[in-house]
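S.K.:
Numbering (my numbering), first residue to last: 30 to 321.
1) Compare the C-alpha of residue 162 against each of 227, 81, 153 and 245 and name the closest.
2) Indicate whether residue 50 and residue 201 have their beta-carbon atoms separated by less than 8 Å.
3) Rounded to whole angstroms, what's the CA-CA distance from residue 59 to residue 134? Just pull it up for me.
4) When the Cα atoms are used, what is the spatial distance from residue 141 to residue 280?
5) Under three-state DSSP, which class holds residue 76?
6) Classify residue 66 as helix, strand or coil using the three-state DSSP reduction.
7) Less than 8 Å separating the beta-carbons of residue 182 and residue 313?
8) Does residue 259 pass the burial test, meaning 16 or more other C-beta atoms within 10 Å, or should it be called exposed?
9) What residue from 275, 257, 191 and 190 has the CA that sits closest to residue 212's CA?
10) Secondary structure at residue 130, three-state DSSP: helix, strand or coil?
11) Residues in its own chain within less than 6 Å of residue 229 by CB, not counting five upstream and five downstream?
12) According to DSSP, is residue 35 part of a helix, a strand, or is it coil?
13) Taking 8 Å as the threshold (C-beta atoms), are residue 97 and residue 115 in contact?
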């Protein structure tokens, strides 16, 4: 979901707030921005060759901020070429925000948008029933594979939709990030939501290797400032705890021994670096580019 929505609390508004705090305390969007500016132009350099229009499919497009950055890079590469941009997004609220963003953004005249309120597996089923598979020039899945039950089948399906010179861009947390360590050590002790999987780029590259699908791989460092997590009664810290553990009101409801153990670990060098009095959790991202 275009930006790390890794969890679904029953208390949706608290979740949205904890996610917002994660974004404002992390370099996640800056890290994505850096990738879009430096690497993406080279990746999309040939997707539209000899084509009269370019078809882009956004899986889990969220509120569209990252999608519009991608579209702007495609426009830069292929000025004036007509672009079809279809979005698969299960949240009506996110789709509304996406439409509002499109309405107030200039230079989108040559782009035709369509939104589908559904999950990636619902989209897959709908397409299979139609028996007429649409081909795409660029498909992107940004921070959404955590919600897919059968990831290898999903990868295989979307790979089969690629046109000539087409690519799939997948962004998710890196196997070298501290998320991997946190999930591995504490996942079984946290009230895990069935809808959310602990998956990192290490798992994903293994799946792609097994499927015999070619890909390129980039890791970029991102951090999250979790200093407030160690200040008792700090509201920002409480919300960051919720995000880190995917648990609503973790600080108030967690068994004290579990909280103390995680708190101690988060300050260790293998989880976080300490810099200028701040504790920075390793939130590194992987950008995986799958080729047709």
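No residue lacks a Cβ here, since even glycine has one placed at the ideal position from N, Cα and C.
M.R.: Based on what the coordinates show:
1) Taking the chain shown and counting its residues from 1, one reaches residue 162 at position 133. Out of 227, 81, 153 and 245, 153 has the C-alpha closest to the C-alpha of residue 162.
2) Here residue 50 refers to the residue found at position 21 of the chain shown. Here residue 201 refers to the residue found at position 172 of the chain shown. Here residue 50 is not near residue 201, since their CB atoms are 8 Å or more apart.
3) Within the chain shown, numbered from 1, the residue matching residue 59 stands at position 30. Within the chain shown, numbered from 1, the residue matching residue 134 stands at position 105. Each residue's Cα considered, the two are about 20 Å apart.
4) Here residue 141 refers to the residue found at position 112 of the chain shown. Here residue 280 refers to the residue found at position 251 of the chain shown. The alpha-carbon atoms of residue 141 and residue 280 are separated by roughly 45 Å.
5) In the chain shown, the residue the question calls residue 76 occupies position 47. Secondary structure at residue 76: coil, using DSSP grouped into helix, strand and coil.
6) In the chain shown, counting from the first residue as 1, residue 66 sits at position 37. Looking at residue 66 - three-state DSSP - the assignment turns out to be helix.
7) To locate residue 182, count along the chain shown from 1; it is residue 153. To locate residue 313, count along the chain shown from 1; it is residue 284. Against a cut-off of 8 Å, the Cβ pair of residue 313 and residue 182 comes out as no contact.
8) By 1-based counting over the chain shown, the position of residue 259 is 230. The residue is exposed, with fewer than 16 neighbouring Cβ atoms inside 10 Å.
9) As a position in the chain shown, residue 212 is number 183, starting the count at 1. Residue nearest to residue 212 within the set 275, 257, 191 and 190 is 275 (criterion: CA-CA distance).
10) On the chain shown, residue 130 is found 101 positions in, with the first residue counted as 1. In the structure shown, residue 130 sits in a helix (DSSP, three-state: H, G or I).
11) Taking the chain shown and counting its residues from 1, the one referred to as residue 229 is at position 200. Closer than 6 Å at Cβ, skipping near neighbours: 202, 204 and 209.
12) Position 6 of the chain shown, counted from the first residue, corresponds to residue 35. Because the pLDDT at residue 35 is just 44, under 50, the model does not fix this residue reliably, and the value given afterwards should be weighed accordingly. The answer is coil: DSSP assigns residue 35 none of H, G, I, E or B.
13) Within the chain shown, numbered from 1, the residue matching residue 115 stands at position 86. Within the chain shown, numbered from 1, the residue matching residue 97 stands at position 68. No, they are not a contact pair.
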